[in-house]
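Engineer: The structure's right below; bear with me while I get my questions together.
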Amino acid sequence: MRLGGYEVSGAIELIVEGYVSLRDQAALDELRTQRRKLIADFNSCTGIDCTSTIRQIEEDIVVIEAGLARLDGAATRSPTSCSRSARRLNFLLRSTHHNLERAIRQRPL
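Start counting the sequence shown at 10; every next residue gets the next number (our numbering).
Below you can see the structure in the form of structure tokens.
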């Protein structure tokens with residue numbers, strides 16, 4: 010998938026889309042913060058080339074920030090209540106997000 014000239018993973022787009030539909034800015038902020046920490050960790054690595062991994066994480070951040078921008082635009086519109094199905098979707102998205110983060114950390118460089 011392409012976004013603004015960048016090739017991005019479908020997983021992060023789906024996760025961001027879910028959080029945007031739930032209007033969960035805190036979750037998107039957490040995703041962005043975790044990605045920034047990963048970049049800092051990879052930048053401190055010596056002896057291995059993490060350039061492509063860092064580039065992918067930066068592309069994830071672009072997608073996350075686009076989602077946050079959509080939320081900022083939606084904030085001026087009417088807020089919606091969080092139904093049981095929305096809470097369930099939020100739980101599933103957070104679980105998926107944590108599983109992806111764990112896989113990224115465990116992936117051999």
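Just so you know, even glycine gets a beta-carbon here, dropped at the ideal spot from N, CA and C.
Using 8 Å as the threshold, is the C-beta distance between Phe51 and Ile63 below it?
Structural biologist: Yes, the Cβ-Cβ distance between Phe51 and Ile63 is below 8 Å.
Engineer: Locate the alpha helix (DSSP H) running through Gly56, then write down its first and last residues.
Structural biologist: First-last for Gly56: undefined, no H or E at that position.
Engineer: DSSP state of Arg32, grouped into three classes?
Structural biologist: DSSP places Arg32 in coil when its eight states are reduced to three.
Engineer: Taking the alpha carbon of Arg79 as the reference point, which residue from Asp58, Tyr28 and Ala20 has its own alpha carbon closest?
Structural biologist: If we check each option's Cα against that of Arg79, Tyr28 comes out closest.
Engineer: Are there 16 or more other CB atoms within 10 angstroms of the CB of Gly56, so buried, or fewer, so exposed?
Structural biologist: Exposed is the call here.
Engineer: Report the rounded CA-to-CA distance for Leu23 versus Ile73, giving the unit in angstroms.
Structural biologist: So the two alpha carbons sit approximately 11 Å from each other.
Engineer: State yes or no: is the C-beta of Ala49 within less than 8 Å of the C-beta of Leu109?
Structural biologist: The answer is no: Cβ separation not under 8 Å.
Engineer: Taking C-beta to C-beta, are Ala75 and Arg32 nearer than 8 Å?
Structural biologist: Contact: no.
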